[in-house]
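Notes follow the structure.
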Amino acid sequence: NAGVTQTPKFRVLKTGQSMTLLCAQDMNHEYMYWYRQDPGMGLRLIHYSVGEGTTAKGEVPDGYNVSRLKKQNFLLGLESAAPSQTSVYFCASRTGTVLYEQYFGPGTRLTVT
Amino acid sequence: AQKVTQAQTEISVVEKEDVTLDCVYETRDTTYYLFWYKQPPSGELVFLIRRNSFDEQNEISGRYSWNFQKSTSSFNFTITASQVVDSAVYFCALSEASFGNEKLTFGTGTRLTIIP
């Protein structure tokens, strides 16, 4: 049982390049989330999904797109990376109700130059 | 809208001292859930505790204890006899139970440094 995994762990992009971050969970969780963590700002929600085929915007969605084609995977895309998107990105998942805690992946450190 | 405030940005204490991390929250819901997560220097986020709004009992787990007070909208975290391994960033988080609101709102975190 791997829990929540994220690919890649590190990435450096040039401004304007695109990339996709992959999050996978093997716990059959309905809900999946993408956060970014910046110094002094805690974790901010980018997008989330309440089930396969559904996505919704979080607090800071601009510049990002997501897809949830399979229940176990949640992809985060950057179409045209900007230096302001330099951050650590965390994926999380949880089971059916807000009562339960979210399980986090190890994070992806992205630098945009 | 839900909000979590962790006013203490950084705290340093000498090993074996007790330390309390403050968390104040805002919500319009009567049913909600509060969480604490730990982020050690390695970077992963580790779940510590969950508390629902109907359960105001304090909880103790080893050297950790949590004080939930609805009257002051606070959910404070105390570490007794701190150890170097407690050095981490600690996040308080809030989730409302209303349908359609599946988000977890985090505070900005408190960086705790335990000095040997």
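Going down the list, the protein sequences come from chains C and G. Position one of the first sequence corresponds to residue 1098 (the working numbering), numbered consecutively onward. Position one of the second sequence corresponds to residue 38 (the working numbering), numbered consecutively onward. Backbone N, C-alpha and C fix where the C-beta goes; we use that ideal spot for every residue, glycine too.
Check: Is Glu54(G) close to chain C, meaning its C-beta is less than 9 Å from at least one C-beta of that chain?
Finding: It does not; no Cβ of chain C falls within 9 Å.
*Less than 9 Å separating the beta-carbons of Lys40(G) and Tyr62(G)?*
yes
*CB contact check: Val1109(C) to chain G, cutoff 9 Å*: no
Less than 9 Å between CB atoms is the rule here; does Glu93(G) satisfy it with respect to chain C?
no
*Identified DSSP bridge partners for His1144(C)*: Trp1131(C), Lys1154(C)
Under three-state DSSP, which class holds Lys53(G)? In this structure, Lys53(G) counts as coil in the three-state DSSP scheme.
For Thr42(G), return the contacting residues in chain C, with the cut-off set at a CB-CB distance below 7 Å.
-> Those do not exist, as Thr42(G) stays about 11 Å from chain C at its closest Cβ, beyond 7 Å.
Residue-chain proximity (Phe1171(C), chain G), Cβ-Cβ < 9 Å
Using beta-carbon distances, Phe1171(C) does not count as an interface residue toward chain G, since no partner is under 9 Å.
(message) I'd like to know if the stretch 72-80 of chain G and the stretch 45-54 of chain G are in contact, where contact means that at least 3 CB-CB pairs between them fall below 8 Å.
(response) Contact fails: fewer than three Cβ-Cβ distances are below 8 Å.
Margin query: Quick check on this structure: which residue in Glu1198(C), Val1209(C), Gly1204(C), Gln1134(C) has the alpha carbon closest to the alpha carbon of Leu71(G)?
Written below: Glu1198(C)
With distances taken from CA atoms, which of Leu1119(C), Gln1114(C), Tyr1145(C) is nearest Ser1177(C)?
Gln1114(C)
Legend entry - Proximity to Ser1181(C) [Cα-Cα], best of Lys1111(C), Thr1102(C), Gln1103(C): Lys1111(C)
- Message: Going by DSSP in three states, Ser102(G) sits in which element: helix, strand or coil?
- Response: strand
Report task. Taking 9 Å as the cut-off, decide whether the C-beta atoms of Ala44(G) and Asp55(G) are in contact. Result -> The answer is no: Cβ separation not under 9 Å.
Which whole-angstrom value describes the C-beta separation of Phe1187(C) and Leu1118(C), a residue pair presumed to lie in contact below a C-beta threshold of 8 Å? In fact, because the Cβ distance is near 10 Å, the residues do not count as touching under 8 Å.
* Asked: What separation, rounded to the nearest whole angstrom, lies between the Cα atoms of Ser110(G) and Thr1102(C)?
  -> Cα to Cα, Ser110(G) sits roughly 35 Å from Thr1102(C).
With 16 other Cβ atoms within 10 Å as the buried cut-off, status of Gly1137(C):
Burial call: exposed.
Nearest-angstrom Cα separation, counted from Cys1120(C) out to Asn1170(C)
In this structure, the straight-line span from the alpha carbon of Asn1170(C) to that of Cys1120(C) is close to 6 Å.
Leaving out five residues before and five after Val83(G) in sequence, what residues of the same chain have Cβ atoms less than 8 Å from its Cβ? Tyr74, Lys75, Gln76, Pro77
Alpha-carbon spacing of Ala1099(C) relative to Thr57(G), whole angstroms: 33 Å
**Asked** Does the separation of the CB atoms of Asn113(G) and Trp103(G) fall below 9 Å?
**Response** yes
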